[in-house]
Amino acid sequence: MLALFFCVLFHEVMKMLVAEMADGRIINIIEETRDTLLHKRGNKYYCPVCHKEMIIKIGAIKQAHFAHKHLYECQGVNEPETVEHIRGKALLYRWAIQKGLNVQLEYPMPQIDQRPDVWMEDRLAVEFQCSPLSIERLRERNEGYASIGKVCWLLGKQLSIKEKITNLQRAFIKWHPSWGNYLIYLDTEQENIKLLYHIQEFVFTHEVFFSELNLTPDELLLFMLDGKYHRQLFHQWRYSLKEIYLDQAHTIKRALFSRKKEVMAIQRLLYLEGYHLSALHPMILLPSLVSDTSFDNEIIHRIKFIKQIATQPIITKEELRLYCHELSQESQMKFREWLRLLVEVSLLKIESHQLRVIQPINIMMTEEEIQLFVEKNLNNRVFVSRLPHNVVS
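Using numbering that gives the first Met the number 0, read the sequence shown as starting at 0 and increasing by one per residue.
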């Protein structure tokens with residue numbers, strides 16, 4: 000019985016939509032009709048990766064596909080094939096062909112040991128991920144594609160966000176100036192593309208907020224190829240700064256008491272610098288939204304800046320530019336928004352081409368000092384996480 004199970008599983012793995020003919024030509028099953036496939040069934044076909052013999056499988060319901068004739072562990076297959084995955088690849092291929100794009104299905108790339116679901120012009124790999132994989136494997140695949148071009152990931156139903164964001168979902172999240180943090184999902188049954196954008200996750204409480212929008216195939220293709228999106232998006236989340244801080248502070252205390260792994264990792268890093276997480280100035284922890292870098296690095300970066308302005312109370316525009324130079328585009332934007340937050344709570348002041356310190360910012364504070372600051376500076380203050388730019392009111 001166990002042997003039968005593995006045989007069935009193995010056959011599931013070996014489904015492919017392209018094959019090589021004896022003369023070296025590639026046949027794409029998406030481009031064939033059912034009648035032509037029935038006519039060509041007697042031909043010889045080979046796997047373009049391992050070159051073992053393949054056969055055509057034509058069902059009444061499922062998408063026609065190639066399968067290895069004999070059980071064989073093909074190195075070109077990354078994950079088990081499902082009906083959803085096969086349909087998704089076929090959809091992406093069809094949309095690209097309809098736009099007149101140069102596109103190849105399941106294109107073998109032996110130099111990086113990859114076979115992207117769809118390979119498009121401008122060296123773009125498109126992957127439709129329907130099942131979980133390890134974050135390490137995702138990192139390896141991203142690095143491989145980055146060495147020869149770029150990659151765009153679309154996700155299937157199994158990777159939908161529920162109440163919390165998983166580590167794997169978080170690893171797939173990307174950032175765009177028009178969308179903020181985003182994920183793209185493909186519903187193969189409805190042939191629908193869903194964009195989850197302006198994804199917000201608080202670091203310690205892990206509360207999640209996001210908006211949804213349907214994309215057209217043309218919008219998806221334009222974005223994947225050129226990174227462009229022409230519709231104007233205006234969206235915002237409003238958060239009470241006082242409420243955010245108090246919720247985060249309460250969560251931190253409980254997590255430190257129970258020695259929660261992720262919080263203890265941040266605490267250990269701070270301890271090496273001589274600080275304690277629960278005694279940090281409230282503005283070091285606000286607004287504490289997940290970004291493309293780990294929040295412990297963000298905390299250290301903010302502490303570093305506060306140390307600098309303690310001895311240099313005036314920062315010029317050029318000095319600020321140099322300070323942000325090594326940060327990613329998203330991190331630069333978030334850091335500048337954090338500075339605006341310091342301005343809004345009257346700790347810094349913007350003057351002509353420079354920032355000036357108005358009130359000293361102590362990195363560590365007593366519990367009483369924290370309470371006083373929260374009541375005086377954060378009460379009735381609202382942080383508006385807005386596309387395209389955040390504000391405080």
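Glycine included, each C-beta is placed from N, C-alpha and C at the ideal position.
Out of the options, which has the shortest C-alpha to C-alpha gap to residue i?
{"i": "L224", "options": "E120, I57, Q103 and N42", "result": "E120"}
{"i": "S130", "options": "T315, L185 and N180", "result": "L185"}
{"i": "T81", "options": "Y238, E188 and F382", "result": "E188"}
{"i": "H84", "options": "Q353, P115 and H50", "result": "P115"}
{"i": "Q311", "options": "S287, P359 and L279", "result": "P359"}
{"i": "L347", "options": "K149, R380, A309 and K68", "result": "A309"}
{"i": "W178", "options": "C46, R230, K241 and R86", "result": "R230"}
{"i": "F372", "options": "L321, F382, P286 and H280", "result": "H280"}
{"i": "K39", "options": "H50, A21, K14 and P47", "result": "A21"}
{"i": "H205", "options": "L268, N296 and L288", "result": "L288"}
{"i": "I243", "options": "K260, Y92 and S384", "result": "S384"}
{"i": "L220", "options": "W118, H197 and F233", "result": "W118"}
{"i": "Y196", "options": "H234, I313 and T215", "result": "H234"}
{"i": "N376", "options": "S239, R122, W152 and D295", "result": "S239"}
{"i": "K98", "options": "A124, R169, P216 and Q128", "result": "P216"}
{"i": "L341", "options": "E318, P286 and K316", "result": "P286"}
{"i": "G87", "options": "I313, Q128 and E374", "result": "Q128"}
{"i": "I349", "options": "N141, E325, R380 and T315", "result": "T315"}
{"i": "P107", "options": "M15, L182, I160 and L158", "result": "M15"}
{"i": "V356", "options": "E162, I160, E368 and R339", "result": "R339"}
{"i": "W394", "options": "E368, L319 and N42", "result": "The requested residue 394 is not part of the displayed model; the chain covers only 0 to 392."}
Quick check on residue i: buried or exposed, where buried means 16 or more other Cβ atoms within 10 Å of its Cβ?
{"i": "L1", "result": "Its pLDDT being 33, under 50, L1 is placed unreliably by the model, and the measurement read from it follows with that caveat. Burial call: exposed."}
{"i": "M53", "result": "buried"}
{"i": "L8", "result": "Any reading at L8 must be qualified, since the residue scores a pLDDT of 35, below 50, and its modelled position is unreliable; no value is offered."}
{"i": "M332", "result": "buried"}
{"i": "N101", "result": "exposed"}
{"i": "R138", "result": "exposed"}
{"i": "L271", "result": "exposed"}
{"i": "H300", "result": "buried"}
{"i": "P176", "result": "exposed"}
{"i": "L37", "result": "exposed"}
{"i": "E200", "result": "buried"}
{"i": "P109", "result": "exposed"}
{"i": "G155", "result": "buried"}
{"i": "H67", "result": "buried"}
{"i": "F65", "result": "buried"}
{"i": "K252", "result": "exposed"}
{"i": "L321", "result": "exposed"}
{"i": "F203", "result": "buried"}
I need the boundaries of the beta strand (DSSP E) containing residue i, first residue and last residue.
{"i": "W152", "result": "K149 to L154"}
{"i": "E188", "result": "That residue, E188, is in no beta strand (DSSP E); it is neither H nor E in DSSP."}
{"i": "K348", "result": "L347 to E350"}
{"i": "V125", "result": "L123 to Q128"}
{"i": "L338", "result": "Unbroken run through L338 is the alpha helix (DSSP H), Q328 to E343; no beta strand (DSSP E)."}
{"i": "L285", "result": "Note, L285: premise wrong, no beta strand (DSSP E); not H, not E."}
{"i": "I54", "result": "E52 to K56"}
Give the range of the alpha helix (DSSP H) segment to which residue i is assigned.
{"i": "G143", "result": "I134 to A145"}
{"i": "F222", "result": "P216 to D225"}
{"i": "E367", "result": "E366 to F372"}
{"i": "D34", "result": "R33 to K39"}
{"i": "R86", "result": "V82 to Q97"}
{"i": "L167", "result": "N166 to F171"}
If you drop the 5 nearest sequence neighbours on each side, which residues of the same chain put their C-beta closer than 7 Å to that of residue i?
{"i": "N166", "result": "I134"}
{"i": "K61", "result": "V82"}
{"i": "K193", "result": "Y184, D186, E211 and N213"}
{"i": "N191", "result": "N213"}
{"i": "C323", "result": "Q331 and F334"}
For chain C, check one thing: does any of its Cβ atoms lie closer than 8 Å to the Cβ of residue i?
{"i": "K259", "result": "In the displayed structure, chain C is absent; only one protein chain is listed."}
Please work out which residues of its chain come closer than 6 Å, Cβ to Cβ, to residue i, disregarding the five sequence neighbours upstream and downstream, and give them in chain order.
{"i": "N27", "result": "V17 and L104"}
{"i": "R237", "result": "V381 and V383"}
Going by beta carbon distance, what residues of the same chain come within less than 8 Å of residue i, once the five residues before and after it are set aside?
{"i": "I111", "result": "G143, Y144, S146 and I147"}
{"i": "I305", "result": "H280, I283, I360 and I362"}
{"i": "A63", "result": "I28, E31, R33, L36, I55, K56 and I57"}
{"i": "Q266", "result": "L255, H275 and L276"}
{"i": "E19", "result": "I25, I26, Y44, Y45, C46, P47 and H50"}
{"i": "T365", "result": "A278"}
{"i": "Y228", "result": "H175, S177, W178, E218, L221 and F222"}
Worksheet entry | Contiguous beta strand (DSSP E) assignments of at least 3 residues, all confined to the region 229-275 | 234-239
Discussion item. At 3 residues or longer, what runs of the beta strand (DSSP E) sit wholly inside the region 290-319?
Written reply: 313-315
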